[in-house]
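Undergrad:
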Amino acid sequence: MRASPAVRRMVRETQLSPNDLIQPFFVRPGKNERRPVPSMPGVAQLSIDQMIKDARAVVALGVPAVILFGIPEKKDPAGREAYDPDGIIQRAVRAVKSALPDLVVITDLCLCEYTDHGHCGVLRARGRGHEIENDTTLELLSRTALVQAEAGADWVAPSGMMDGAVGVIRRALDGAGKKNTAILAYAAKYASGFYGPFRDAAQSAPSFGDRRSHQMDPANAREALREAALDIKEGADMVMVKPALSYLDVIRRARDRFDVPVAAYNVSGEYAMVKAAEAKGWLDGPRVMEEILLSIKRAGADMILSYHAREMAQRFHDR
Ligand SMILES: [Zn+2]
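Here it is as structure tokens:
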């Protein structure tokens, strides 16, 4: 059954295509700016005009969606630019929706890219340290969801793992007549070392402490299903597992358990490992990229957020 390419095509169980891919972009202020991210070869922080140029290219290759992360003009303790109607992401969404109305635009919905301390919510002093004030943060997240939806985001993607965030955001959107704005919940987001390069890219590393108090322990899989079930109950239209590669079992279990679409985030560290080994001549980069993306699909992901999206779509195009 493996004798020829034609037979292999006939019995192939998993088909990967550009339709499976979502391209992330880091958007920064300015014009004509393209600042490469050293730990992620091929990825750059882009000004809005440059992001639209790249978005056009991925659309031409058949990629249906992008997710936008913002690098604000300035950061403050309350992450104000996240919920400013003229914040970087809101401007980016308006521009990309007017240039490419059919492109599905997803907005990352968290405060950590906008807070000067780099945490995902508002902090309050407690004992000798700090803790995230969950309920104040929820209020700011629903304001952020509203301005993103108002700007034209098709889906919002709460990524901070705050308790109750999905429900609060769903109610806020419905209350503002934004019933068609979907929620892609980062349901199972692990406290992972694989996010390192992203924090360079989004300049969002916490200035102290870490995110272990609200992100998941890499040792737990059943807990991921509980988190996903809660998010679905609160109104999530889709659930995400992040990272992807070390959590393929979690993707599979989520796929088997739930009927909503499952997304997987092939994160920055996973991307960086491939690029670094490729640069050293230790791996066939494009081949490994395809194998990784295929494995995530095989594990059960309906959609894959990946920095490889454009390159993979180009590979399909060139075949
Ligand atoms: Zn965050």
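For the sequence shown, the numbering used here assigns the number 1 to the initial residue and increments by one for each residue that follows.
Glycine included, each C-beta is placed from N, C-alpha and C at the ideal position.
#1: Consider the C-beta atom of Gly-87 and the heavy atoms of ligand 2; say whether any pair is separated by less than 7 Å.
#2: The beta strand (DSSP E) that contains Met-289, what's its start and end?
#3: Considering Thr-136, what are the terminal residues of the alpha helix (DSSP H) in which it resides?
#4: Look up His-317 in the DSSP assignment and say whether it is helix, strand or coil.
#5: Is any heavy atom of ligand 1 found at a distance shorter than 7 Å from the C-beta of Ser-159?
#6: When the Cα atoms are used, what is the spatial distance from Pro-197 to His-117?
#7: What did DSSP end up calling Leu-111 once you bin it into helix, strand or coil?
#8: Out of Arg-35, Lys-53 and Gly-235, point me to the one whose CA is closest to Ile-183's CA.
#9: In the DSSP output, what is Gly-129 paired with across the bridge?
#10: List, from N- to C-terminal side, the alpha helix (DSSP H) runs of 4 residues or more that fit wholly inside the stretch 9-87.
#11: For Val-105 and Ala-6, I'd like the C-alpha separation in whole angstroms.
#12: State yes or no: is the C-beta of Pro-158 within less than 8 Å of the C-beta of Tyr-186?
#13: Can you tell me where the alpha helix (DSSP H) holding Arg-178 begins and where it ends?
#14: Find the nearest neighbour of Gly-121 within the set Ala-82, Gly-285, Lys-275 and Arg-253, judged by alpha-carbon distance.
#15: If we ignore side chains and look at the alpha-carbon of each, how far apart do Ala-44 and Ile-88 end up?
#16: Is it true that the CB of Thr-107 sits closer than 8 Å to the CB of Ala-176?
#17: With a CB to CB cut of under 8 Å and the five nearest residues on each side skipped, what residues in its chain are close to Ala-313?
#18: Using 8 Å as the threshold, is the stretch 258-266 in touch with the stretch 301-310, meaning 3 or more CB pairs across them?
#19: Which one of Ala-301, Pro-77 and Ile-71 has the shortest CA to CA distance from Gln-90?
#20: Could you have a look at Tyr-271 and say whether DSSP puts it in helix, strand or coil?
#21: For Gly-160, which residues from the same chain have a beta carbon less than 6 Å from its beta carbon, with the 5 sequence-adjacent residues on both sides left out?
#22: For Val-37 versus Ala-201, is the C-beta spacing smaller than 8 Å?
#23: Can you tell me whether Ser-246 is helix, strand or coil according to DSSP?
#24: Per DSSP, what kind of secondary structure is Ala-182 in: helix, strand or coil?
#25: Return the bridge partner residues of Tyr-265 from the DSSP annotation.
#26: Compare the beta carbon distance of Ser-39 and Glu-113 with 8 Å and say whether it is the shorter of the two.
#27: Go ahead and label Glu-13 buried or exposed: buried means 16 or more other beta carbons lie within 10 angstroms of its beta carbon, across all protein chains shown.
#28: Going by Cα to Cα distance, which pick from Val-166, Gln-50 and Met-10 is closest to Val-27?
TA: This is what the structure gives:
#1: With respect to ligand 2, the structure offers nothing, as its ligand set consists of ligand 1.
#2: It is not in any beta strand (DSSP E) - Met-289 instead sits in the alpha helix (DSSP H) that spans 285-299.
#3: 134-151
#4: helix
#5: yes
#6: 18 Å
#7: coil
#8: Gly-235
#9: Arg-126
#10: 48-60
#11: 37 Å
#12: yes
#13: Note that residue 178 is Lys in the sequence shown, not Arg. First-last for Lys-178: undefined, no H or E at that position.
#14: Ala-82
#15: 16 Å
#16: no
#17: Pro-18, Leu-21, Val-58, Leu-61, Gly-62 and Val-63
#18: yes
#19: Ile-71
#20: helix
#21: Cys-110 and Cys-120
#22: yes
#23: helix
#24: strand
#25: Leu-305
#26: no
#27: exposed
#28: Gln-50
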